[in-house]
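The block underneath contains the structure these notes are about, expressed in structure tokens.
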């Protein structure tokens with residue numbers, strides 16, 4: 028294993044297109060952050076969508092040269108299982124060359140078991156809350172709104188996915204939790220605190236930074252929502268709070284993202300208000316953030332939404348739920364409401380609309396610590412989580428041998 032001056036040797040297993048969007052972007056940034064922090068990283072992605080920083084050794088499992096096995100033909104579950112099988116077999120040949128295995132959900136059960144047999148510690152990424160909790164809370168929210176998620180939607184109940192993920196939870200030595208909210212959902216499901224290790228996500232400072240424009244205290248507030256427009260993200264709570272607040276009289280609420288079927292129709296009367304602007308999918312989100320005063324995310328379930336980090340870096344004050352997984356502190360650099368509590372969110376909007384000094388104070392405090400939530404900072408924290416995991420694994424092995 029790595030000594031005091033040796034770089035940690037990481038096998039990073041990711042069953043999707045590394046460097047694409049959503050979790051594929053998160054994983055790509057994690058690897059780059061680890062490289063910048065000094066780790067040696069052997070990457071086994073399903074395929075590589077975007078080149079990594081120099082130093083990574085990349086060996087795709089579901090691609091060779093320009094040829095890629097199409098996920099749509101195999102289906103995501105089968106593609107992830109094939110990836111897991113390939114990584115597990117490769118790992119057999121790497122005993123003594125890997126200090127820790129970092130795996131992702133649905134593509135790691137065999138790999139985790141092989142690592143355990145070989146005496147290699149493992150961490151399993153948890154990009155969302157405990158899946159059983161997520162299914163249940165989203166189901167209840169959809170029932171309240173009388174919405175049925177489309178077949179195959181990632182938050183529609185799937186017993187096969189749940190069973191596999193819970194088996195992966197058990198097989199992993201440690202679970203990587205990117206927010207206190209994620210940690211809480213696992214503790215509530217009966218997991219030991221020792222099995223849960225905190226890390227964090229980040230933002231790209233070359234893309235997200237504050238604008239130079241002066242902010243006129245007399246104009247209305249501009250509030251921005253960015254994300255998948257679905258019950259899980261709580262857009263209905265944001266609209267309800269906005270239209271209750273005096274902020275809607277002079278301000279503007281900009282909604283960015285695609286709607287799941289049926290959701291826009293349920294919200295049509297609120298979306299039609301003159302102060303609400305629905306833009307759909309956009310490629311200019313960083314600029315929209317720089318022009319906005321507030322970023323709202325009233326999620327009922329998240330892992331740690333990247334838009335909250337990107338919004339902070341761009342100068343937005345966060346109005347978020349306590350289930351958004353945001354890295355912020357209530358009344359210190361953001362306002363945090365209870366998930367599902369539109370009344371409390373309305374109060375927060377009213378407060379900032381009436382008190383621009385508080386808005387600016389929160390904004391300055393948020394920007395002053397934005398350097399702590401970059402992807403480079405996240406890489407250092409992830410490396411520290413590895414070292415903590417390796418030390419705990421060694422200790423547990425010594426206890427078992429006594």
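Residue numbers (this note's numbering): 28 to 429. Yeah, the Cβ is synthetic: ideal placement off N, Cα and C, and Gly gets one too. Small disclaimer: the values here were computed from a predicted structure and weren't measured.
Going by DSSP, what residue range makes up the beta strand (DSSP E) through residue i?
{"i": "residue 330", "result": "Per DSSP, residue 330 belongs to no beta strand (DSSP E) and is neither H nor E."}
{"i": "residue 149", "result": "149 to 152"}
{"i": "residue 321", "result": "321 to 324"}
{"i": "residue 305", "result": "303 to 307"}
{"i": "residue 315", "result": "Where residue 315 is concerned, there is no enclosing beta strand (DSSP E), although the alpha helix (DSSP H) it sits in stretches over 312 to 318."}
{"i": "residue 204", "result": "201 to 204"}
Could you give the residue range of the alpha helix (DSSP H) that holds residue i?
{"i": "residue 60", "result": "50 to 64"}
{"i": "residue 160", "result": "158 to 172"}
{"i": "residue 36", "result": "No alpha helix (DSSP H) holds residue 36; the beta strand (DSSP E) holding it covers 36 to 45."}
{"i": "residue 294", "result": "Segment: none, residue 294 is in no alpha helix (DSSP H) and carries neither H nor E."}
{"i": "residue 195", "result": "186 to 198"}
Is residue j closer than 8 Å to residue i when the C-beta atoms are compared?
{"i": "residue 302", "j": "residue 279", "result": "yes"}
{"i": "residue 345", "j": "residue 369", "result": "no"}
{"i": "residue 305", "j": "residue 282", "result": "yes"}
{"i": "residue 42", "j": "residue 172", "result": "no"}
{"i": "residue 511", "j": "residue 70", "result": "Any question about residue 511 goes unanswered here, given that the chain covers just 28 to 429."}
{"i": "residue 342", "j": "residue 155", "result": "no"}
{"i": "residue 367", "j": "residue 60", "result": "no"}
{"i": "residue 153", "j": "residue 416", "result": "no"}
{"i": "residue 237", "j": "residue 317", "result": "yes"}
{"i": "residue 327", "j": "residue 261", "result": "yes"}
{"i": "residue 271", "j": "residue 103", "result": "no"}
{"i": "residue 45", "j": "residue 72", "result": "yes"}
{"i": "residue 95", "j": "residue 67", "result": "no"}
{"i": "residue 251", "j": "residue 315", "result": "yes"}
{"i": "residue 410", "j": "residue 64", "result": "yes"}
{"i": "residue 113", "j": "residue 88", "result": "yes"}
{"i": "residue 79", "j": "residue 107", "result": "no"}
{"i": "residue 177", "j": "residue 288", "result": "yes"}
{"i": "residue 319", "j": "residue 249", "result": "yes"}
{"i": "residue 247", "j": "residue 274", "result": "yes"}
{"i": "residue 182", "j": "residue 162", "result": "yes"}
{"i": "residue 86", "j": "residue 174", "result": "no"}
Whose C-alpha, out of the options, is nearest the C-alpha of residue i?
{"i": "residue 62", "options": "38, 51, 416 and 74", "result": "38"}
{"i": "residue 157", "options": "176, 195 and 174", "result": "195"}
{"i": "residue 284", "options": "256, 310, 311 and 273", "result": "256"}
{"i": "residue 116", "options": "98, 371, 135 and 105", "result": "135"}
{"i": "residue 264", "options": "315, 143, 132 and 376", "result": "376"}
{"i": "residue 389", "options": "220, 33, 321 and 36", "result": "321"}
{"i": "residue 160", "options": "407, 209 and 125", "result": "209"}
{"i": "residue 5", "options": "127, 192 and 339", "result": "The requested residue 5 is not part of the displayed model; the chain covers only 28 to 429."}
{"i": "residue 245", "options": "398, 190, 276 and 373", "result": "276"}
{"i": "residue 8", "options": "372, 355, 299 and 412", "result": "The structure shown does not extend to residue 8, since the chain is modelled only from 28 to 429, so the question has no answer here."}
{"i": "residue 129", "options": "198, 234, 188 and 80", "result": "198"}
{"i": "residue 123", "options": "144, 106 and 111", "result": "144"}
{"i": "residue 232", "options": "290, 399 and 371", "result": "399"}
{"i": "residue 431", "options": "290, 300 and 239", "result": "Beyond the ends of the chain as shown, which are 28 and 429, falls residue 431; an answer cannot be given."}
{"i": "residue 235", "options": "40, 394, 51 and 408", "result": "394"}
{"i": "residue 325", "options": "365, 47, 293 and 93", "result": "365"}
{"i": "residue 419", "options": "111, 213, 215 and 221", "result": "221"}
{"i": "residue 402", "options": "49, 53 and 33", "result": "53"}
{"i": "residue 188", "options": "47, 120, 105 and 239", "result": "105"}
Taking 7 Å as the cut-off, does the CB of residue i come closer than this to any heavy atom belonging to the ligand GTP?
{"i": "residue 287", "result": "Of ligands this structure carries none, so the ligand GTP is not represented either."}
Cβ pair count under 8 Å reaching 3, the stretch 314 to 334 against the stretch 140 to 149 = Contact check between the stretch 314 to 334 and the stretch 140 to 149: fewer than three CB pairs, one atom from each, fall below 8 Å, which does not count as touching.
Which runs of the alpha helix (DSSP H) spanning at least 4 residues fall entirely within the stretch 208 to 280, listed in chain order?
-> Uninterrupted alpha helix (DSSP H) stretches at least 4 residues long and entirely within the stretch 208 to 280 occur at 262 to 271 and 274 to 277, given in chain order.
What are the complete beta strand (DSSP E) segments, minimum 3 residues, inside the stretch 348 to 389?
-> You should have 361 to 364.
Mind the definition here: the stretch 408 to 426 touches the stretch 374 to 387 only if three or more C-beta pairs lie below 8 Å; say whether that holds.
-> The stretch 408 to 426, when compared against the stretch 374 to 387, does not touch it at the 8 Å Cβ threshold.
Counting pairs of Cβ atoms below 8 Å between the stretch 129 to 139 and the stretch 163 to 176, do you hit three or more?
-> No: the two stretches stay apart, fewer than three of their Cβ pairs being nearer than 8 Å.
Tell me the start and end of each unbroken beta strand (DSSP E) in the stretch 76 to 151 that is at least 3 residues and wholly inside, in chain order.
-> DSSP runs (the beta strand (DSSP E)) wholly in the stretch 76 to 151: 127 to 130.
Report yes or no: do three or more beta-carbon pairs, one from the stretch 216 to 228 and one from the stretch 188 to 208, lie closer than 8 Å?
-> Contact between the stretch 216 to 228 and the stretch 188 to 208 is present, because at least three Cβ pairs lie under 8 Å.
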